[in-house]
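Undergrad: Just passing along the structure, written as structure tokens.
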Amino acid sequence: MRQDRRKVMIGAGAALLAAGAWAQPRPLALRVVMSGHSLTDPIRDPLEAMVRAAGGPRASVELSTIPGSPLEWRWTHAPGLDLRARVAEFDVVVLTERVALSNTVPYHHSAEYALRFAQLAWAAGAEALLFASWVGLDTGPAFVGQGSDPDAGLAWRERLDREHAAWEEIRAHVNANRPDHAPQMRLVPAIAVMAALHDTIETGQAPLADIRALFADEIHPSPLGAWVVALVHFAVIYRRNPAGLTRPVGITPAAAAWIEDLVWRVVTAHPGSGVQP
90 MRQDRRKVMI
100 GAGAALLAAG
110 AWAQPRPLAL
120 RVVMSGHSLT
130 DPIRDPLEAM
140 VRAAGGPRAS
150 VELSTIPGSP
160 LEWRWTHAPG
170 LDLRARVAEF
180 DVVVLTERVA
190 LSNTVPYHHS
200 AEYALRFAQL
210 AWAAGAEALL
220 FASWVGLDTG
230 PAFVGQGSDP
240 DAGLAWRERL
250 DREHAAWEEI
260 RAHVNANRPD
270 HAPQMRLVPA
280 IAVMAALHDT
290 IETGQAPLAD
300 IRALFADEIH
310 PSPLGAWVVA
320 LVHFAVIYRR
330 NPAGLTRPVG
340 ITPAAAAWIE
350 DLVWRVVTAH
360 PGSGVQP
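Once you know that position 189 of the sequence shown is 278 in the working numbering, the rest is easy, because the numbers rise by one and skip nothing.
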């Protein structure tokens with residue numbers, strides 16, 4: 090009976106997408122699982138708070154994470170929540186890869202393992218999304234020759250564009266191998282939001298003085314950064330504007346509204362998000 094229901098959901102989902110259903114908000118009761126690492130972990134709590142503030146259920150997001158892990162490792166070494174065994178429990182699977190992609194893709198078959206996880210989700214009637222995260226702030230000429238990352242000597246803002254393109258290559262590979270019945274893999278473009286925030290801060294037009302306000306260290310998000318990235322997830326997963334739902338401690342209503350507006354504009358302008366204004 091469950092398999093029959095899943096088949097009906099898959100067929101209905103394909104038909105709706107063909108009719109342009111990407112513009113429609115998705116239910117707040119979606120069961121979401123995030124497969125990732127330590128950049129994923131801080132996102133769940135602010136994301137769940139947004140879902141509750143919007144009228145959704147208390148617990149709708151679960152984590153299947155291993156610190157520092159690429160997709161390949163999570164496929165072959167099950168996290169505490171074994172996504173391969175429990176994927177049928179979820180409606181949305183949010184995947185991410187270890188960063189920097191410049192130092193992961195050449196060694197860990199990122200596109201192929203993203204496809205494997207997407208196929209797992211599609212077979213269970215779930216949607217697969219790709220969370221495009223950022224690189225650490227400790228990058229640039231002073232870091233040339235440190236470690237094995239070939240892009241270590243590039244400035245952070247330049248690297249965001251290069252990494253963004255690499256995320257899109259992974260997504261393109263997944264979608265090129267997508268069965269007809271499955272929805273396209275959409276992008277959670279947190280990296281594009283980071284770039285937009287950086288650029289507006291540089292021009293003095295943002296309510297933040299330094300991009301480092303989004304970070305607890307050189308790569309992990311601060312509470313403010315986690316809230317910003319959760320805004321991006323909420324907008325893409327539920328295809329809804331997250332404005333006015335929650336506000337982190339220490340941020341004025343005006344600053345929060347400015348950030349929410351920027352996130353919504355970036356997400357709805359991004360062709361890979363599948364979200365329309």
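Where a beta carbon is used, it is the ideal one built from N, C-alpha and C, also for glycine.
Taking the continuous beta strand (DSSP E) assigned at LEU152, which residues delimit it?
TA: Along the sequence shown, read from residue 1 onward, the residue named residue 152 stands at position 63. Here the beta strand (DSSP E) through LEU152 covers 150–154.
Undergrad: Is TYR196 buried or exposed, if buried means 16 or more other CB atoms sit within 10 Å of its CB?
TA: If you number the sequence shown from 1, residue 196 lands on position 107. Label assigned to TYR196: exposed.
Undergrad: Using only CA atoms, which one of ALA215, LEU351, GLY314 and LEU119 lies nearest to SER222?
TA: Here residue 222 refers to the residue found at position 133 of the sequence shown. Looking at the Cα atoms, GLY314 is the closest of the given residues.
Undergrad: Taking the alpha-carbon of ALA284 as reference, which of THR341, ARG354 and PRO239 has the nearest alpha-carbon?
TA: Sequence index remark: in the sequence shown, residue 284 carries index 195 (1-based). With distances taken between Cα atoms, ALA284 lies closest to ARG354.
Undergrad: Please go through the same chain and pick out, in chain order, the residues whose beta-carbon is closer than 7 angstroms to the beta-carbon of ARG94, but skip the five residues on each side of it.
TA: Along the sequence shown, one-based indexing puts residue 94 at 5. With a pLDDT of 34 at ARG94, under the threshold of 50, the predicted position of this residue should be treated as unreliable, though the coordinate-derived value follows. So the list is empty, once near-sequence residues are dropped.
Undergrad: If VAL356 sits next to ALA305, beta carbons under 8 angstroms apart, how far is it from one beta carbon to the other, in whole angstroms?
TA: Against the sequence shown, residue 356 aligns to sequence position 267. Against the sequence shown, residue 305 aligns to sequence position 216. With a Cβ gap of about 24 angstroms, VAL356 and ALA305 do not count as contacting.
Undergrad: Could you name the residues of the same chain whose beta carbon sits closer than 6 angstroms to that of ILE99, not counting the 5 residues immediately before and after it, in chain order?
TA: The residue labelled residue 99 in the question sits at position 10 within the sequence shown. With a pLDDT of 40 at ILE99, under the threshold of 50, the predicted position of this residue should be treated as unreliable, though the coordinate-derived value follows. GLY214 and HIS270, listed in sequence order.
Undergrad: Drop a sphere of 10 angstroms on the beta-carbon of PRO146, count the other beta-carbons inside from all chains shown, and report buried for 16 or more, exposed for fewer.
TA: As a first step, residue 146 must be located in the sequence shown, where it is residue number 57. Exposed.
Undergrad: For the stretch 146–156 against the stretch 117–135, do three or more pairs of beta-carbon atoms, one drawn from each stretch, fall closer than 8 angstroms, so that the two count as touching?
TA: Yes, the stretch 146–156 is in contact with the stretch 117–135.
Undergrad: Return the chain-ordered ranges of every beta strand (DSSP E) run that is complete within the stretch 243–329 and spans a minimum of 3 residues.
TA: 275–277, all fully within the stretch 243–329.
Undergrad: Identify, in the order they occur along the chain, each residue of the same chain with its Cβ nearer than 7 angstroms to the Cβ of PRO366, setting aside the five sequence neighbours on each side.
TA: To locate residue 366, count along the sequence shown from 1; it is residue 277. Taken in chain order, the residues that qualify are THR357.
Undergrad: If TRP245 and VAL277 are in contact, beta carbons under 8 angstroms, what's the gap, nearest whole angstrom?
TA: Here residue 245 is taken as the residue at index 156 of the sequence shown, counted from 1. Here residue 277 is taken as the residue at index 188 of the sequence shown, counted from 1. Contact doesn't hold; Cβ gap of about 20 angstroms is too wide.
Undergrad: If we ignore side chains and look at the alpha-carbon of each, how far apart do ASP274 and VAL183 end up?
TA: Numbered from 1 along the sequence shown, position 185 holds the residue referred to as residue 274. Numbered from 1 along the sequence shown, position 94 holds the residue referred to as residue 183. Reading off the sequence, residue 274 comes out as Met, not Asp. Taking the straight line from one Cα to the other gives about 10 angstroms.
Undergrad: Indicate whether the contact test is met: 3 or more Cβ pairs, each with one atom in the stretch 226–246 and one in the stretch 187–194, closer than 8 angstroms.
TA: The answer is yes - the stretch 187–194 touches the stretch 226–246, with three or more Cβ pairs under 8 angstroms.
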